[in-house]
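Report on one structure; see the data block that follows.
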Amino acid sequence: MCVNSSVGIGRNSVSSSTLKIIAANCPKIVSLSFNGCFKLTNEDLKFIGDNFEHLERLDLSSVSPSSGSSRSAVSSTCLSEFITVLGKRLTYLNISNNKMAGLPFVFKALSSNSSNLRELDISNITTTSRDTILINMEKFQKGCPPLRALNCNHTMISLSETPIKEQVHSPGFPLLERLQIAVDSRGYFEGMDDSQIERILKKSDRLRHLDIRGCQRVSDSCLIRLPTWDIEHLILSGCSAASASADGLELMVRKWADKLVEMDVSNTPGERAVNYTVEAFVEADKTNIRKLNLSCTAVSLKPLTRLLKNCPSIEYLNLSSCRGLARGMKRLYQTRPDIIKLRTEIIDGKFNDNDDSDD
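The sequence shown begins at 172 in this note's numbering and counts up one residue at a time.
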(Lines of atoms letter the chains of each structure in order from A and count residues from 1; the text may use other names and numbers.)
(Lines give C-alpha, C1' and ligand atoms only; values in the text may rest on other atoms or scores of the structure.)
Protein backbone atom coordinates (compact mmCIF):
# COMPACT_ATOMS: atom_id res chain seq x y z
CA MET A 1 0.00 0.00 0.00
CA CYS A 2 1.33 3.43 -0.99
CA VAL A 3 2.21 5.65 1.97
CA ASN A 4 2.87 8.84 0.00
CA SER A 5 0.44 11.67 0.61
CA SER A 6 1.57 13.46 -2.56
CA VAL A 7 2.01 12.07 -6.08
CA GLY A 8 3.23 13.75 -9.25
CA ILE A 9 2.36 12.18 -12.60
CA GLY A 10 4.83 12.31 -15.51
CA ARG A 11 3.81 14.21 -18.63
CA ASN A 12 3.25 11.11 -20.75
CA SER A 13 2.31 8.69 -17.98
CA VAL A 14 -1.29 9.65 -17.37
CA SER A 15 -4.04 7.29 -18.51
CA SER A 16 -7.24 5.92 -17.07
CA SER A 17 -5.47 2.69 -16.15
CA THR A 18 -2.69 4.62 -14.39
CA LEU A 19 -5.24 6.54 -12.35
CA LYS A 20 -7.05 3.33 -11.38
CA ILE A 21 -3.79 1.78 -10.18
CA ILE A 22 -2.97 4.86 -8.09
CA ALA A 23 -6.48 4.97 -6.63
CA ALA A 24 -6.31 1.29 -5.70
CA ASN A 25 -2.87 1.49 -4.10
CA CYS A 26 -2.82 5.05 -2.71
CA PRO A 27 -6.37 5.70 -1.50
CA LYS A 28 -5.30 8.31 1.05
CA ILE A 29 -3.48 10.63 -1.34
CA VAL A 30 -3.87 14.26 -0.32
CA SER A 31 -2.07 15.96 -3.22
CA LEU A 32 -1.90 15.19 -6.95
CA SER A 33 0.13 17.01 -9.61
CA PHE A 34 -0.53 16.61 -13.33
CA ASN A 35 1.68 19.48 -14.51
CA GLY A 36 2.10 19.22 -18.28
CA CYS A 37 -0.07 16.10 -18.62
CA PHE A 38 -1.81 17.19 -21.82
CA LYS A 39 -3.45 13.76 -22.20
CA LEU A 40 -5.58 14.31 -19.09
CA THR A 41 -9.27 14.48 -20.01
CA ASN A 42 -12.50 15.61 -18.41
CA GLU A 43 -13.37 11.95 -17.76
CA ASP A 44 -10.06 11.51 -15.93
CA LEU A 45 -10.82 14.49 -13.69
CA LYS A 46 -14.27 13.09 -12.92
CA PHE A 47 -12.62 9.80 -11.91
CA ILE A 48 -10.18 11.67 -9.67
CA GLY A 49 -12.98 13.51 -7.91
CA ASP A 50 -14.99 10.34 -7.38
CA ASN A 51 -12.17 8.05 -6.25
CA PHE A 52 -9.64 10.06 -4.22
CA GLU A 53 -11.67 10.71 -1.10
CA HIS A 54 -8.86 12.43 0.82
CA LEU A 55 -7.67 14.71 -1.99
CA GLU A 56 -7.11 18.33 -0.93
CA ARG A 57 -4.56 19.72 -3.41
CA LEU A 58 -4.56 19.51 -7.22
CA ASP A 59 -2.14 20.87 -9.82
CA LEU A 60 -3.56 21.00 -13.36
CA SER A 61 -1.07 23.51 -14.76
CA SER A 62 -0.22 23.22 -18.46
CA VAL A 63 -2.59 20.31 -19.15
CA SER A 64 -4.25 22.21 -22.00
CA PRO A 65 -1.94 25.09 -22.98
CA SER A 66 -3.19 25.53 -26.55
CA SER A 67 -6.66 24.00 -26.79
CA GLY A 68 -9.87 25.13 -25.14
CA SER A 69 -11.61 21.82 -25.82
CA SER A 70 -14.69 20.82 -23.84
CA ARG A 71 -13.00 17.44 -23.31
CA SER A 72 -10.09 19.11 -21.55
CA ALA A 73 -9.59 18.53 -17.83
CA VAL A 74 -9.75 22.30 -17.37
CA SER A 75 -13.01 22.92 -19.19
CA SER A 76 -15.17 25.09 -16.97
CA THR A 77 -17.96 22.50 -16.75
CA CYS A 78 -15.56 19.73 -15.77
CA LEU A 79 -13.74 21.89 -13.21
CA SER A 80 -16.97 23.17 -11.68
CA GLU A 81 -18.26 19.64 -11.18
CA PHE A 82 -14.94 18.53 -9.69
CA ILE A 83 -14.89 21.49 -7.29
CA THR A 84 -18.43 20.67 -6.21
CA VAL A 85 -17.49 17.04 -5.50
CA LEU A 86 -14.42 17.96 -3.42
CA GLY A 87 -16.32 20.65 -1.53
CA LYS A 88 -14.63 21.85 1.65
CA ARG A 89 -11.67 19.50 1.21
CA LEU A 90 -10.09 21.57 -1.56
CA THR A 91 -7.29 23.76 -0.19
CA TYR A 92 -5.07 24.26 -3.26
CA LEU A 93 -5.89 24.52 -6.96
CA ASN A 94 -3.46 25.35 -9.77
CA ILE A 95 -4.91 25.71 -13.28
CA SER A 96 -2.21 28.04 -14.62
CA ASN A 97 -0.80 28.04 -18.16
CA ASN A 98 -3.96 26.75 -19.80
CA LYS A 99 -6.29 27.86 -22.56
CA MET A 100 -9.87 27.74 -21.36
CA ALA A 101 -13.23 29.46 -21.38
CA GLY A 102 -15.71 30.05 -18.59
CA LEU A 103 -13.32 30.99 -15.77
CA PRO A 104 -16.09 33.00 -14.01
CA PHE A 105 -18.03 29.71 -13.64
CA VAL A 106 -15.01 28.15 -11.95
CA PHE A 107 -14.92 31.07 -9.50
CA LYS A 108 -18.64 30.64 -8.89
CA ALA A 109 -18.08 26.97 -8.03
CA LEU A 110 -15.19 27.84 -5.71
CA SER A 111 -17.25 30.54 -4.00
CA SER A 112 -20.11 28.11 -3.39
CA ASN A 113 -18.17 25.00 -2.37
CA SER A 114 -14.53 25.63 -1.39
CA SER A 115 -14.74 27.32 1.99
CA ASN A 116 -11.27 26.03 2.98
CA LEU A 117 -9.40 27.13 -0.16
CA ARG A 118 -5.95 28.47 0.77
CA GLU A 119 -4.17 28.92 -2.57
CA LEU A 120 -5.41 29.56 -6.10
CA ASP A 121 -3.17 29.90 -9.17
CA ILE A 122 -4.87 31.08 -12.37
CA SER A 123 -1.81 32.74 -13.89
CA ASN A 124 -1.13 32.76 -17.64
CA ILE A 125 -4.61 31.66 -18.64
CA THR A 126 -5.65 32.52 -22.19
CA THR A 127 -9.10 32.43 -23.75
CA THR A 128 -10.49 32.15 -27.25
CA SER A 129 -11.37 35.86 -27.21
CA ARG A 130 -9.62 39.08 -26.25
CA ASP A 131 -12.26 39.97 -23.66
CA THR A 132 -11.41 40.68 -20.04
CA ILE A 133 -12.48 37.94 -17.61
CA LEU A 134 -14.89 39.40 -15.05
CA ILE A 135 -14.91 37.95 -11.53
CA ASN A 136 -17.35 38.61 -8.69
CA MET A 137 -14.72 39.24 -6.02
CA GLU A 138 -17.14 39.88 -3.16
CA LYS A 139 -18.79 36.47 -3.56
CA PHE A 140 -15.35 34.88 -3.80
CA GLN A 141 -14.31 36.61 -0.56
CA LYS A 142 -17.46 35.52 1.22
CA GLY A 143 -17.09 31.93 0.02
CA CYS A 144 -13.32 31.49 0.52
CA PRO A 145 -12.32 33.55 3.60
CA PRO A 146 -9.15 31.53 4.47
CA LEU A 147 -7.46 32.35 1.12
CA ARG A 148 -3.75 33.04 1.59
CA ALA A 149 -2.39 33.24 -1.97
CA LEU A 150 -3.95 34.40 -5.24
CA ASN A 151 -1.87 34.35 -8.41
CA CYS A 152 -3.48 35.96 -11.46
CA ASN A 153 -0.26 37.03 -13.20
CA HIS A 154 -0.70 37.61 -16.94
CA THR A 155 -4.36 36.59 -16.96
CA MET A 156 -6.79 39.30 -18.09
CA ILE A 157 -8.76 39.40 -14.85
CA SER A 158 -10.97 42.28 -13.80
CA LEU A 159 -13.64 42.66 -11.13
CA SER A 160 -17.30 42.77 -12.07
CA GLU A 161 -19.35 45.69 -10.86
CA THR A 162 -21.20 44.97 -7.64
CA PRO A 163 -23.48 47.16 -5.50
CA ILE A 164 -21.67 49.37 -3.00
CA LYS A 165 -23.61 47.73 -0.17
CA GLU A 166 -22.25 44.32 -1.21
CA GLN A 167 -18.72 45.71 -1.35
CA VAL A 168 -19.02 47.27 2.10
CA HIS A 169 -20.30 44.06 3.70
CA SER A 170 -17.75 41.81 2.02
CA PRO A 171 -15.33 40.25 4.55
CA GLY A 172 -12.32 40.71 2.27
CA PHE A 173 -9.38 38.31 2.61
CA PRO A 174 -8.09 38.83 6.18
CA LEU A 175 -5.54 36.00 5.86
CA LEU A 176 -4.22 36.83 2.38
CA GLU A 177 -0.41 36.95 2.26
CA ARG A 178 0.30 36.96 -1.48
CA LEU A 179 -1.38 38.75 -4.38
CA GLN A 180 0.02 38.60 -7.91
CA ILE A 181 -1.82 40.49 -10.66
CA ALA A 182 1.01 41.44 -13.02
CA VAL A 183 0.26 42.24 -16.67
CA ASP A 184 2.41 42.53 -19.76
CA SER A 185 3.02 46.26 -20.13
CA ARG A 186 3.52 45.75 -23.88
CA GLY A 187 -0.04 44.48 -24.32
CA TYR A 188 -3.35 46.32 -24.54
CA PHE A 189 -4.67 45.17 -21.13
CA GLU A 190 -3.75 47.74 -18.47
CA GLY A 191 -4.56 45.63 -15.42
CA MET A 192 -6.56 46.45 -12.31
CA ASP A 193 -7.08 49.96 -10.97
CA ASP A 194 -7.06 51.45 -7.47
CA SER A 195 -10.66 50.60 -6.63
CA GLN A 196 -10.26 46.97 -7.64
CA ILE A 197 -7.05 46.51 -5.65
CA GLU A 198 -8.72 48.13 -2.65
CA ARG A 199 -11.70 45.78 -2.99
CA ILE A 200 -9.37 42.77 -2.89
CA LEU A 201 -7.02 43.96 -0.15
CA LYS A 202 -9.21 46.06 2.13
CA LYS A 203 -8.88 43.58 5.03
CA SER A 204 -5.53 42.01 4.13
CA ASP A 205 -3.35 43.32 6.94
CA ARG A 206 -1.10 40.23 6.68
CA LEU A 207 -0.13 40.79 3.04
CA ARG A 208 3.57 40.09 2.46
CA HIS A 209 3.94 39.73 -1.30
CA LEU A 210 2.47 42.12 -3.89
CA ASP A 211 3.23 41.84 -7.60
CA ILE A 212 1.59 44.48 -9.81
CA ARG A 213 4.15 44.63 -12.62
CA GLY A 214 2.89 46.46 -15.69
CA CYS A 215 -0.37 47.69 -14.14
CA GLN A 216 -1.06 51.13 -15.61
CA ARG A 217 -4.01 52.31 -13.52
CA VAL A 218 -2.62 52.02 -10.00
CA SER A 219 -1.59 55.08 -7.98
CA ASP A 220 1.11 55.29 -5.34
CA SER A 221 -1.44 56.56 -2.80
CA CYS A 222 -3.48 53.36 -3.25
CA LEU A 223 -0.49 51.25 -2.21
CA ILE A 224 0.50 53.50 0.67
CA ARG A 225 -3.04 53.23 2.06
CA LEU A 226 -3.01 49.42 2.12
CA PRO A 227 -3.70 48.09 5.64
CA THR A 228 -0.63 45.85 5.74
CA TRP A 229 2.61 46.87 7.49
CA ASP A 230 4.36 43.61 6.61
CA ILE A 231 5.18 43.83 2.89
CA GLU A 232 8.34 41.81 2.19
CA HIS A 233 8.20 41.51 -1.60
CA LEU A 234 7.07 44.52 -3.64
CA ILE A 235 7.23 44.07 -7.42
CA LEU A 236 6.44 47.30 -9.27
CA SER A 237 8.37 47.04 -12.55
CA GLY A 238 6.71 49.19 -15.20
CA CYS A 239 3.78 49.97 -12.91
CA SER A 240 2.19 53.42 -12.90
CA ALA A 241 2.39 53.52 -9.10
CA ALA A 242 6.19 53.68 -9.34
CA SER A 243 6.15 56.86 -11.39
CA ALA A 244 2.94 58.57 -10.29
CA SER A 245 4.88 61.10 -8.20
CA ALA A 246 8.46 61.86 -7.20
CA ASP A 247 8.00 60.72 -3.61
CA GLY A 248 5.53 57.83 -3.92
CA LEU A 249 8.15 55.08 -3.92
CA GLU A 250 10.00 56.81 -1.12
CA LEU A 251 6.89 56.79 1.07
CA MET A 252 6.39 53.08 0.39
CA VAL A 253 9.94 52.35 1.51
CA ARG A 254 9.50 54.46 4.63
CA LYS A 255 6.36 52.49 5.51
CA TRP A 256 7.82 49.02 4.86
CA ALA A 257 11.63 49.46 5.10
CA ASP A 258 12.05 47.18 8.12
CA LYS A 259 10.15 44.35 6.38
CA LEU A 260 11.11 44.63 2.70
CA VAL A 261 13.50 41.94 1.50
CA GLU A 262 12.80 42.39 -2.22
CA MET A 263 11.82 45.43 -4.26
CA ASP A 264 11.61 45.75 -8.03
CA VAL A 265 11.32 49.27 -9.42
CA SER A 266 12.90 48.54 -12.79
CA ASN A 267 11.73 50.56 -15.79
CA THR A 268 10.73 53.48 -13.56
CA PRO A 269 11.17 56.73 -15.53
CA GLY A 270 12.63 59.86 -13.96
CA GLU A 271 15.68 60.30 -11.79
CA ARG A 272 14.21 61.71 -8.59
CA ALA A 273 11.72 58.91 -7.82
CA VAL A 274 14.38 56.20 -7.90
CA ASN A 275 17.03 58.25 -6.08
CA TYR A 276 14.55 59.16 -3.33
CA THR A 277 13.72 55.45 -3.02
CA VAL A 278 17.36 54.49 -2.58
CA GLU A 279 17.90 57.29 -0.05
CA ALA A 280 14.87 56.10 1.94
CA PHE A 281 16.56 52.73 2.46
CA VAL A 282 19.74 54.50 3.57
CA GLU A 283 17.91 56.69 6.07
CA ALA A 284 15.72 53.94 7.55
CA ASP A 285 16.42 52.91 11.15
CA LYS A 286 16.37 49.26 10.13
CA THR A 287 16.49 47.54 6.74
CA ASN A 288 16.45 43.93 5.60
CA ILE A 289 16.54 44.52 1.85
CA ARG A 290 18.30 41.66 0.09
CA LYS A 291 17.12 41.90 -3.50
CA LEU A 292 16.83 45.22 -5.34
CA ASN A 293 16.09 45.63 -9.04
CA LEU A 294 16.97 49.08 -10.41
CA SER A 295 17.48 48.06 -14.03
CA CYS A 296 16.45 50.51 -16.76
CA THR A 297 16.25 53.43 -14.31
CA ALA A 298 18.20 56.67 -13.91
CA VAL A 299 19.59 55.92 -10.44
CA SER A 300 22.64 58.07 -9.68
CA LEU A 301 26.03 57.03 -8.34
CA LYS A 302 25.92 59.03 -5.09
CA PRO A 303 22.73 57.53 -3.61
CA LEU A 304 23.80 54.11 -4.86
CA THR A 305 27.13 54.47 -3.07
CA ARG A 306 25.35 55.40 0.15
CA LEU A 307 23.07 52.39 -0.26
CA LEU A 308 25.99 49.98 -0.61
CA LYS A 309 27.73 51.47 2.42
CA ASN A 310 24.68 51.41 4.68
CA CYS A 311 22.71 48.32 3.60
CA PRO A 312 25.00 45.29 3.95
CA SER A 313 22.07 42.89 3.66
CA ILE A 314 21.88 43.35 -0.13
CA GLU A 315 22.86 40.18 -1.98
CA TYR A 316 21.22 40.79 -5.37
CA LEU A 317 21.40 44.08 -7.26
CA ASN A 318 20.32 44.66 -10.86
CA LEU A 319 21.92 47.73 -12.42
CA SER A 320 21.50 46.65 -16.05
CA SER A 321 20.87 49.54 -18.46
CA CYS A 322 21.00 52.18 -15.71
CA ARG A 323 21.61 55.27 -17.83
CA GLY A 324 23.02 57.37 -14.98
CA LEU A 325 25.87 54.99 -14.17
CA ALA A 326 29.25 54.24 -15.68
CA ARG A 327 29.34 51.62 -18.39
CA GLY A 328 31.29 49.12 -16.29
CA MET A 329 28.70 49.14 -13.52
CA LYS A 330 25.65 48.40 -15.63
CA ARG A 331 25.08 44.73 -14.99
CA LEU A 332 23.44 42.21 -12.69
CA TYR A 333 25.15 41.42 -9.36
CA GLN A 334 23.80 38.11 -8.10
CA THR A 335 25.99 37.34 -5.09
CA ARG A 336 27.13 39.15 -1.99
CA PRO A 337 30.84 38.89 -2.99
CA ASP A 338 29.95 40.60 -6.30
CA ILE A 339 28.27 43.43 -4.43
CA ILE A 340 31.13 43.77 -1.94
CA LYS A 341 33.52 44.02 -4.89
CA LEU A 342 31.34 46.71 -6.51
CA ARG A 343 31.25 48.69 -3.27
CA THR A 344 35.04 48.48 -2.96
CA GLU A 345 35.53 49.63 -6.56
CA ILE A 346 33.20 52.59 -6.03
CA ILE A 347 34.95 53.62 -2.81
CA ASP A 348 38.33 53.29 -4.53
CA GLY A 349 37.13 55.74 -7.19
CA LYS A 350 37.10 53.40 -10.16
CA PHE A 351 33.98 55.02 -11.63
CA ASN A 352 34.52 58.64 -10.57
CA ASP A 353 35.52 59.89 -13.99
CA ASN A 354 32.52 58.47 -15.75
CA ASP A 355 29.54 58.25 -13.42
CA ASP A 356 26.92 59.53 -15.84
CA SER A 357 27.71 57.82 -19.12
CA ASP A 358 25.07 56.39 -21.42
CA ASP A 359 25.28 53.30 -23.53
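For each residue, glycine too, the CB sits at the ideal point set by N, CA and C.
Cβ pair residue i, residue j closer than 9 angstroms
i	j	result
Tyr487	Thr506	yes
Ser574	Val178	This structure leaves residue 574 out entirely; the chain is present only between 172 and 530.
Asn459	Val432	yes
Ile383	Leu407	yes
Ala415	Gly385	no
Asp365	Ser392	yes
Ile517	Leu472	yes
Ala451	Glu421	yes
Asp292	Ser232	yes
Gly544	Leu394	The structure shown does not extend to residue 544, since the chain is modelled only from 172 through 530, so no value can be given for it.
Phe311	Phe278	yes
Same chain only: Cβ atoms within 8 angstroms of residue i, ignoring 5 sequence neighbours per side
i	result
Lys313	Ser282, Ser341 and Pro342
Ser466	Ser437, Asn438, Asn489, Leu490, Ser491, Ser492, Cys493 and Leu503
Pro345	Pro316, Lys374, Ser375, Asp376 and Arg377
Ser187	Glu214, Asp215 and Phe218
Leu190	Asp215, Phe218, Ile219 and Asn222
Residue from the options whose Cα sits closest to the Cα of residue i
i	options	result
Met434	Glu442, Leu305, Thr448 and Phe311	Thr448
Gln338	Cys315, Glu214, Leu291 and Met308	Met308
Phe218	Ile395, Phe452 and Ile192	Ile192
Arg379	Asp215, Ala320 and Leu330	Ala320
Pro440	Trp400, Lys462, Ala412 and Ser484	Ala412
Asn265	Arg388, Ser235, Thr476 and Pro483	Ser235
Leu318	Leu347, Lys336, Asn295 and Ser294	Leu347
Asn287	Phe276, Thr262 and Ile306	Thr262
Ile335	Phe360, Glu361 and Arg370	Arg370
Range covered by the beta strand (DSSP E) that runs through residue i
i	result
Gly179	Ser177 to Gly179
Ser202	Ser202 to Ser204
Lys462	Lys462 to Asn464
Close Cβ partners of residue i (< 6 angstroms) along its chain, the five nearest in sequence each way excluded
i	result
Ser202	Ser177 and Arg228
Ile304	Leu274, Met327 and Ile328
Leu350	Leu321 and Leu381
Ile180	Phe205 and Cys208
Pro474	Asn446, Val449 and Glu450
N- and C-terminal bounds of the alpha helix (DSSP H) containing residue i
i	result
Ile192	Ser187 to Asn196
Ala444	Glu442 to Glu454
Ser247	Ser247 to Leu257
Test: residue i CB closer than 9 angstroms to a CB of chain C
i	result
Phe344	In the structure shown, chain C cannot be found, because there is only a single protein chain.
Close-in-space but distant-in-sequence residues of the same chain around residue i (CB under 7 angstroms, 5 per side omitted)
i	result
Arg443	Ala417
- Message: Using 8 angstroms as the cut-off, can you tell me whether the region 208-221 makes contact with the region 265-276, which would need three or more C-beta pairs spanning the two stretches below that distance?
- Response: no
- Query: Any contact of the region 250-270 with the region 222-233, i.e. 3+ C-beta pairs under 8 angstroms?
  - Reply: yes
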